[in-house]
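Each residue of the sequence shown is one higher than the last, beginning at -9 in the working numbering.
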Amino acid sequence: PHQVSVAFNGGKDNVAMIHLLHAYMQKCKLNQDKKLQALYIEEEDSFPEMEEFIQESATNYGLDLVKIKGPMKAALGQFLATRPGIKAMVLGTRQGDPGSQNQGFFAPTDSDWPEIMRVNPVLEWSYHDIWSFLRPLCVPYPVLYDRGYTSLGSRSNTKPNPHLAVRDEKNDLTIYKPAYELLDGSLEQAGRVRNSSF
């Protein structure tokens, strides 16, 4: 267990992963004497709700959470330089995520990245699998998902998913259904703003 860490960003897939890992470690009585090492690569313009959720989760799951500002490759290098014993990092990578098609459940980093084994326990889960896991177990997740966000980044590149918009005629405004009500998981990224700088 002392050679394992997690990448934690508070997203729904990541929450499913950390909940599974925590349950496994509790069941097997692993790492009882110390906290699980975790890396959070901070967003430039993060949602305050996400920052609060990440701190609460670090406490609830017993994480030794290290916050480092990106970019991702440099942050990972910095994290591993101070923790040379770490050999594996558990991620919340899921099908459809950028680069996921080139990974398996165990995937070493590319040669130009800091060396570590990526472990992807929810790789083959769908968008709906994540919600079918989190909601019946009442696993806490960021409140933004209840406000129509389906994929979370920073405040500057993330909006509520337009496919969840509902017109409230009485109050003359648009409201959003929760993320778990999105029927077509392929539309998950519809609320993300993409441009050449990302």
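Using N, Cα and C, we set each Cβ at its ideal position, and we do this for glycine too.
Check this for me: beta carbons of residue i and residue j, under 9 Å apart or not?
i, j, result
"G175", "S116", "yes"
"L81", "R108", "yes"
"K57", "E32", "yes"
"M15", "L134", "no"
"Q(-7)", "I76", "yes"
"P104", "G143", "no"
"L26", "D54", "yes"
"V183", "N147", "yes"
What's the gap between the Cα of residue i and the Cα of residue j?
i, j, result
"P152", "A180", "7 Å"
"V5", "Y131", "7 Å"
"A65", "K149", "26 Å"
"H118", "I8", "18 Å"
"R145", "S36", "6 Å"
"T99", "K59", "20 Å"
"C128", "E46", "15 Å"
"G94", "E159", "47 Å"
"D87", "L172", "17 Å"
"A97", "C18", "24 Å"
Please name the residue, chosen from the options, that lies closest to residue i on a Cα-to-Cα basis.
i, options, result
"N110", "L10, K25, R157", "L10"
"M79", "A28, S101, P88", "A28"
"F201", "D23, G94, Y30, D102", "Because the chain in this structure spans residues -9 to 188, residue 201 falls outside the shown range and cannot be described."
"P61", "L163, E34, T72", "E34"
"A71", "I106, K17, L173", "I106"
"F(-2)", "C128, D162, T49", "T49"
"D23", "E42, P38, P(-9), F43", "P(-9)"
Spatial neighbours of residue i within its chain, please: C-beta separation below 6 Å, excluding the five flanking residues on both sides.
i, result
"R84", "D3, V112, W115"
Residues in its own chain within less than 8 Å of residue i by CB, not counting five upstream and five downstream?
i, result
"A169", "K2, W121, Y135, D136, G138, Y139, T140, N151, L154"
"L177", "T140, N151, H153"
Let me know if residue i comes out buried or exposed under the rule of 16 or more other beta-carbons within 10 Å of its beta-carbon.
i, result
"V156", "exposed"
"N92", "exposed"
"G0", "buried"
"V(-4)", "buried"
"A13", "exposed"
"S101", "exposed"
"I44", "buried"
Tell me which residues share the same chain as residue i and place their Cβ nearer than 7 Å to its Cβ, disregarding the 5 neighbours each side in the sequence.
i, result
"G52", "K25, L26"
"K167", "G138, L154, V156"
"L163", "none"
When you measure from the CB of residue i to every non-hydrogen atom of the ligand GDP, does any distance come out below 8 Å?
i, result
"P130", "No copy of the ligand GDP appears in this structure; indeed no ligand is present at all."
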